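Colleague: The structure follows.
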Amino acid sequence: QSALTQPASVSGSPGQSITISCTGSASDIGNYKLVSWYQKYPGEAPKLMIYEDTKRPSGVSDRFSGSKSGNTASLTISGLQAEDEAEYHCCSYGGETTLVFGGGTKLTVL
Amino acid sequence: QVQLVQSGAEVKKPGASVKVSCKASGYPFSSHSITWVRQAPGQGLEWVGWISVYTGKTSYAQKLQGRVTMTTDTSTNTAYMELRNLKSDDTAMYFCARTYSGSFGSEFYLYYMDVWGEGTTVTVSS
Chain B
1 QSALTQPASV
11 SGSPGQSITI
21 SCTGSASDIG
31 NYKLVSWYQK
41 YPGEAPKLMI
51 YEDTKRPSGV
61 SDRFSGSKSG
71 NTASLTISGL
81 QAEDEAEYHC
91 CSYGGETTLV
101 FGGGTKLTVL
Chain H
111 QVQLVQSGAE
121 VKKPGASVKV
131 SCKASGYPFS
141 SHSITWVRQA
151 PGQGLEWVGW
161 ISVYTGKTSY
171 AQKLQGRVTM
181 TTDTSTNTAY
191 MELRNLKSDD
201 TAMYFCARTY
211 SGSFGSEFYL
221 YYMDVWGEGT
231 TVTVSS
């Protein structure tokens with residue numbers, strides 16, 4: 001159960017687009033259509049932003065989108081806003097009824 | 111509305127045990143499973159384990175096998191996570207989360223967590 005790999009930090013200016021990558025393996029990301037992404041503010045609970053690789057829950061802004069290629073999933077945030085500044089965590093089904101998370105990426109809106 | 115309410119902060123000594131509760135409301139408790147996740151200070155989210163409320167089947171993170179037990183009480187719609195023989199690196203915020211999952215054959219696939227508890231701080235210190 002090795003952790004997924006995310007960049008520690010990304011940044012962008014308001015209005016820009018950013019992409020956060022999440023790299024796993026053929027045993028997790030590459031083998032299932034079960035990547036989810038969570039937004040987390042300090043001291044608060046995580047919030048589901050993307051599930052099943054590309055689906056967006058109702059109530060989540062369409063500025064958030066998910067994609068996947070091979071063993072790497074990505075979260076793209078377009079039209080960056082100050083309120084998007086948070087941590088973003090990817091998660092994948094890892095087989096044998098397990099989940100694996102990435103280390104988290106801190107997004108800074110400049 | 112759907113919500114998960116967790117028990118309050120805990121301070122424990124190394125070697126002790128802690129039991130965190132997670133009370134569900136606003137949906138049929140047995141219709142979804144529960145995942146537990148923790149976040150140590152300055153670290154990312156870490157999967158602790160999962161329990162099917164309907165079947166009682168559990169799955170735990172390999173590194174915690176033998177120290178963690180997850181249970182549910184359907185009479186009170188409450189899930190529990192007990193961690194024994196606490197170590198200093200168990201210090202973390204522990205979250206429960208409602209989980210969408212599905213079974214195919216003997217395997218349960220864990221899809222995603224859509225509703226989270228507010229978190230319970232567990233501090234392990236001598």
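Protein sequence lines, in the order shown, are assigned to chains B and H.
Letter by letter, the first sequence follows residues 1 to 110 in the working numbering.
Letter by letter, the second sequence follows residues 111 to 236 in the working numbering.
C-beta atoms are modelled at their ideal positions from N, C-alpha and C, and glycine is treated no differently.
Because the structure is a prediction, the values reported are computed rather than measured.
#1: Hey, TYR222 (chain H) and THR201 (chain H): beta-carbon distance below 9 Å or not?
#2: Skipping 5 residues on each side, what residues in its chain have a beta carbon closer than 6 Å to that of SER9 (chain B)?
#3: Please confirm whether LYS167 (chain H) has its beta-carbon closer than 9 Å to some beta-carbon of chain B.
#4: Do VAL121 (chain H) and SER235 (chain H) have their CB atoms nearer than 9 Å?
#5: To the nearest angstrom, how far is it from the Cα of TRP160 (chain H) to the Cα of ILE18 (chain B)?
#6: Quick check: the segment 172-190 of chain H against the segment 123-141 of chain H, are there 3 or more CB pairs under 8 Å?
#7: Whole angstroms are fine: how far does the CA of SER13 (chain B) sit from the CA of VAL71 (chain H)?
#8: Identify the contact partners of TYR221 (chain H) in chain B, using a Cβ-Cβ distance below 9 Å as the criterion.
#9: Buried or exposed for THR97 (chain B), please, with buried defined as at least 16 other CB atoms from any protein chain shown within 10 angstroms of its CB.
#10: Note the first and the last residue of the continuous beta strand (DSSP E) segment covering ILE77 (chain B).
#11: Return the CA-CA distance between CYS22 (chain B) and GLU192 (chain H), expressed in angstroms with no decimal places.
#12: Output, in chain order, the set of chain H residues within a Cβ distance shorter than 7 Å of GLY103 (chain B).
#13: What whole-angstrom Cβ distance do SER117 (chain H) and THR233 (chain H) have, given they're in contact under 8 Å?
#14: On the three-state DSSP scale, how would you describe GLN111 (chain H)?
#15: Under 9 Å, Cβ to Cβ, is there at least one residue of chain H near ALA3 (chain B)?
#16: Residues of chain B with CB under 7 Å from GLU192 (chain H), in chain order?
#17: Which residue spans inside the segment 134-188 of chain H form an unbroken beta strand (DSSP E) run of at least 3?
#18: Classify LYS33 (chain B) as buried or exposed, calling it buried when 16 or more other Cβ atoms lie within 10 Å of its own Cβ.
#19: Once DSSP output is grouped into helix, strand and coil, what is the label at ALA82 (chain B)?
#20: Would LEU99 (chain B) pass as an interface residue toward chain A - the criterion being a Cβ-Cβ separation below 9 Å?
#21: Kindly indicate which residue of B:GLY79, B:GLY104, B:LEU110 has the alpha-carbon position closest to the one of LYS40 (chain B).
Modeller: On the basis of the supplied data:
#1: no
#2: LYS106
#3: yes
#4: Yes, Cβ-Cβ distance for VAL121 (chain H) and SER235 (chain H) is below 9 Å.
#5: 32 Å
#6: yes
#7: Only positions 111 to 236 of chain H appear in this structure, which leaves residue 71 (chain H) out of reach.
#8: LEU34, SER36, TYR51, GLU52, TYR93
#9: buried
#10: 72-77
#11: 31 Å
#12: Within chain H, the residues near GLY103 (chain B) are GLY154.
#13: With a Cβ gap of about 14 Å, SER117 (chain H) and THR233 (chain H) do not count as contacting.
#14: coil
#15: yes
#16: None at all; the shortest Cβ gap to chain B is about 19 Å.
#17: Within the segment 134-188 of chain H, the complete beta strand (DSSP E) runs of at least 3 residues are 143-149, 155-161, 168-170, 178-183.
#18: exposed
#19: helix
#20: Within the model displayed, chain A is absent; protein chains B and H are what it includes.
#21: B:GLY104
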